[in-house]
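J.: Per mature numbering (1 follows the signal peptide of the UniProt record, and there is no 0), the sequence shown runs over residues -20 to -1, 1 to 742.
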Amino acid sequence: MACHLLSLLFLLLLPCLTAAQSNGTISIGQQLTAAESTEPWLSPSKDFALGFHQLDIWYASGDDPGPGGSKLRLTANGGLVLEDPEAREIWKSEISTGEAAFGVLYDTGNFLIVNTNSERLWQTFDHPTDTLLPTQTMERGGVVSSRRKETDFSRGRFQFRLLEDGNAVLNTINLESGFAYDAFFWSNTFDVNRSNAGYRVVFNESGQLYVLRENKQIVSLTPETVSAKENYLRATLNFDGVFIFYSHPKNNSTGDAIWSVSDVLPENICINNDIRKGLGSGICGFNSICSISGAKRPICQCPKGFSLLDPDDVYGSCKPDFILGCEEDGKKSGEDLYYIEELRNTDWPTSDYEQISPYGKDECVSSCLKDCQCSAAVLRDDTCWKKKLPLSYGKTDRDETGTTFIKIRKVPSGGKKKVDVLIPVVSVLFGSSALINLLLVSACCLGFLVVNRKKFMRPHQEEQGVSYMNLRCFTYKELVEVTRGFKEELGRGAFGTVYKGFVNMGSSDQVAVKKLNRVFQDSEKEFKAEVNGIGQTHHKNLVRLLGYCDEGRNRLLVYEFMSNGALASFLFGDSKPNWKLRTEIVMGIARGLFYLHEECCTQIIHCDIKPQNILLDDYYNARISDFGLEKLLTLDQSHTNTAIRGTKGYVAPEWFRNMPITVKVDVYSYGVLLLEIICLRRTILTDWAYDCYQERTLGALVENDLEAMDDMTVLQRFVMVAIWCIQEDPSHRPTMRRVTQMLEGVVEVPIPPCPWTLNITS
């Protein structure tokens, strides 16, 4: 059953609505029903509406949405009352005194309930959710709370509060208890003399947010940017903790304007941390690292050797992919068990348990490796700070002078330890009865066989070495057994054929083994260097390389197995993905490409972005495959080689024009793929898509897809971004960083020009 939330929203992007009530007044007894046919209550200008719609400004009960058929009534005793179809109360406005006479929805966006003397009994402005509107104020004790996620309207981790001491702050909270952690932004309007302290937060009609002191002094938090007379304004505390100030022109005759960002608070949320007690995880989850995007929004990433605790929550905590400690390998030194990954300009400023000075890099690293409690160490100047899990308030910034050393478990070598463990266990058995001994010895023998089978399946690391990050080096014979003689084919493409395999690789026993073809055979060093580069790429939206084989003419790559197969089968099969899932897939691919182009150690141009090279994991997250393989096929060729690569329909024009090949070829392919995902059609005609945009008939692109039609704002934004991506001139195409920002709606999407150069001859 669909759930609905009672919400107050702008109507500027919705079709014109008509209603019997046009002066904003709501009579006692009037009601709304959570159904598509129910018209909302309108303000006089029809700029605002109160009803069951997609949330934008204010909502009544994000933690307890009502099912379809729920009713909102204006009553004399309770004010606004929301009930489910069985008349059970979900929420009400809690009028403390008096009796309601009527309600009024003003053109400021404020909904008031008043008595017969027109005295205010209750108003939405006194109960903000995640958004403030012009003329709205907040007194001491007032709170603005973020959503949990972009599409989850329950209470989130972030708050904007005016404290009783007069300080306006941004802080995180413990979701279970509601306990507020230390602020990461504050207004400095506290004063021991209460008559000089802040007592009210004001969001005025010039788009300025400020704190008003008791002595009438104004302390501005944001500058005056745009006027509410010509623009719609709102200040929203986003789910990622950034307070964003948006504007939208009121005179929007063409209907193509979008919400643009005029200011953000704070400037850099990752480094604006006032850490006193060190409680909580920080902006991102525990063991995560916060970095700031070009749009001043946080990006949370797990360090190498860690993965997300919840794969669906990219802002959540990370867990180590190994067991930290020395107990199980007491006979080995820390240097044998772990290696160090160095992260520059990175720090977790809490979680310290030991400070050593003066210390150099080698001493700091060695001390952490030998210490069973140490999970990371930070070297700043000549001081070494040793840290233990969980790591909190992680951040990376170019002004951060510290270097972090993360301790990561090496791939286990052989199976000797496990065999040794059996010896004392067996010796203990002979003190028990003969029958029990017989059973237990049998179990131990079976365990011995299992252990040795796993040992056989492990790589010969003492012979091959455990270099190249954490990649496992397989023999060809092992991969023949892993794939059961290359029996089950998963797919094939330009780089080779992929087979399903079964091997113990940590979180999963299933792997995908790619047999490379056409790889230059006489460049072992270069091959391993390229494999090493691929092995260093770690991102939620990339398929992870687990191991490789480099044995004679046999070169194979072992990847994590993607249970839901290729995007092509999902898009064009019998069961079509819904609009919401498609938008998530679109964003995932964009973020993966952005990482390859700008965030990984060495820039990677994919050269063959298409639905067959996008795989879906257990949670339908988009994962880019076959990245970095282009060089493996051309190690014997000049770097100026201009042979056309890619797949027909997705290939950028510069491949045919002897032009330099840059990351913009991937942007072009992504634009074509974006249109395919939008339309659920194979090899979409890009000129037809542009015509639909020009003629304002975008509905033709998603024919019979009601969910997409109801999300016309996002649909239009995606189509505009796609048109920018397929511009014939590569210099006109945006970078994937910009593409990601436009898709997320954090920057405005300019009106795209015609993608093609028109050659007119007489």
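Heads up, the beta-carbon is just placed ideally off N, CA and C, and yes, glycines get one too.
#1: Considering only their Cβ atoms, is the gap separating Ser297 from Phe266 smaller than 8 Å?
#2: Could you spell out the range, first to last residue, of the beta strand (DSSP E) harbouring Arg697?
#3: Which of helix, strand or coil does DSSP assign to Ala56?
#4: Is there contact between the segment 374 to 386 and the segment 311 to 328, where contact requires at least three CB pairs shorter than 8 Å?
#5: State the DSSP-derived secondary structure class of Lys560, mapped to helix, strand or coil.
#6: Put Cys280 into one of helix, strand or coil per three-state DSSP.
#7: Tell me whether Cys348 is buried or exposed, calling it buried when 16 or more other Cβ atoms sit within 10 Å of its Cβ.
#8: Distance, Cα to Cα, Pro229 vs Ile731?
#9: Is it a yes or a no for the segment 383 to 392 touching the segment 347 to 364, going by three-plus beta-carbon pairs under 8 Å?
#10: For Pro291, which residues in the same chain have their Cβ closer than 7 Å to its Cβ, ignoring the five residues on either side in sequence?
#11: Suppose contacts are defined by Cβ-Cβ distances below 8 Å. Is Asp646 in contact with Phe475 by that definition?
#12: Excluding the 5 residues flanking Lys334 on each side, which residues of the same chain have their C-beta closer than 7 Å to its C-beta?
#13: Does DSSP classify Pro591 as helix, strand or coil?
#14: Going by DSSP, what residues sit across from Gln217 in a beta bridge?
#15: For Gly31, which residues in the same chain have their Cβ closer than 6 Å to its Cβ, ignoring the five residues on either side in sequence?
#16: Considering only residues of the segment 88 to 147, which uninterrupted alpha helix (DSSP H) runs meet the minimum length of 4 residues and lie entirely inside it, listed in chain order?
#17: Roughly how many whole angstroms lie between the Cα atoms of Cys734 and Gln696?
#18: Hey, quick one: how far does the alpha helix (DSSP H) through Gln721 stretch, first residue to last?
#19: Put Val729 into one of helix, strand or coil per three-state DSSP.
#20: Measuring only the C-alpha atoms, how far is Tyr319 from Lys644?
#21: Identify the continuous alpha helix (DSSP H) that holds Gln674 and give its terminal residues.
#22: How about Val181 and Leu213: are their beta carbons less than 8 Å apart?
#23: Would you mind sorting Met722 into buried or exposed? The rule is 16 or more other CB atoms within 10 Å of its CB.
#24: Provide the residue span of the beta strand (DSSP E) that contains Phe286, from first to last.
#25: Count Cβ pairs between the segment 651 to 666 and the segment 524 to 539 that sit closer than 8 Å; are there 3 or more?
#26: Can you confirm whether the segment 276 to 295 touches the segment 338 to 353 when touching is taken to mean that 3 or more C-beta pairs between the two stretches lie within less than 8 Å?
#27: Exposed or buried, what is Pro338 when buried is set at 16 or more other beta-carbons lying within 10 Å of its beta-carbon?
#28: Tell me which residue opens and which closes the beta strand (DSSP E) that Gly476 is part of.
#29: So, for Asp171: in the same chain, excluding its five sequence neighbours on each side, which residues have a beta-carbon less than 6 Å away from its beta-carbon?
#30: Taking C-beta to C-beta, are Ala632 and Ile594 nearer than 8 Å?
#31: Going by Cα to Cα distance, which pick from Leu54, Leu522, Val222 and Ile75 is closest to Arg127?
#32: Find the nearest neighbour of Arg603 within the set Asn534, Ala548 and Ser125, judged by alpha-carbon distance.
#33: Taking 8 Å as the threshold (beta carbon to beta carbon), is Gly122 in contact with chain D?
#34: Drop a sphere of 10 angstroms on the beta-carbon of Ser207, count the other beta-carbons inside from all chains shown, and report buried for 16 or more, exposed for fewer.
#35: Any contact of the segment 149 to 165 with the segment 87 to 102, i.e. 3+ C-beta pairs under 8 Å?
#36: Considering only residues of the same chain and omitting the five flanking positions on each side of Asp110, which have a CB-CB separation below 7 Å?
T.: According to the data block:
#1: yes
#2: First-last for Arg697: Met692 to Cys705, but that is the alpha helix (DSSP H), not the beta strand (DSSP E).
#3: coil
#4: yes
#5: Secondary structure at Lys560: helix, using DSSP grouped into helix, strand and coil.
#6: When DSSP states are grouped into helix, strand and coil, Cys280 belongs to the strand group.
#7: buried
#8: 15 Å
#9: yes
#10: Around Pro291: Tyr599 and Asn601.
#11: Contact flag unset, no.
#12: Inspection of the sequence shows that residue 334 is occupied by Glu rather than by Lys. In the same chain as Glu334, and ignoring 5 residues on each side of it, the C-beta atoms closer than 7 Å to its own belong to Lys366, in chain order.
#13: Pro591 falls in the helix class under three-state DSSP.
#14: Inspection of the sequence shows that residue 217 is occupied by Leu rather than by Gln. Looking at the DSSP assignment, Leu217 forms a beta bridge with Phe223.
#15: Within the same chain, Gly31 has close Cβ partners Leu12 and Pro20.
#16: none
#17: 16 Å
#18: Met716 to Glu724
#19: The answer is coil: DSSP assigns Val729 none of H, G, I, E or B.
#20: 37 Å
#21: Thr666 to Gln674
#22: no
#23: Label assigned to Met722: buried.
#24: Phe286 to Leu288
#25: The segment 651 to 666, when compared against the segment 524 to 539, does not touch it at the 8 Å Cβ threshold.
#26: no
#27: exposed
#28: Gly476 to Phe482 is the extent of the beta strand (DSSP E) around Gly476.
#29: The answer, listed in chain order, is Ala177.
#30: no
#31: Val222
#32: Closest by alpha carbon: Ala548.
#33: In the displayed structure, chain D is absent; only one protein chain is listed.
#34: exposed
#35: no
#36: Val124, Ser125, Ser126, Arg127, Thr216 and Leu217
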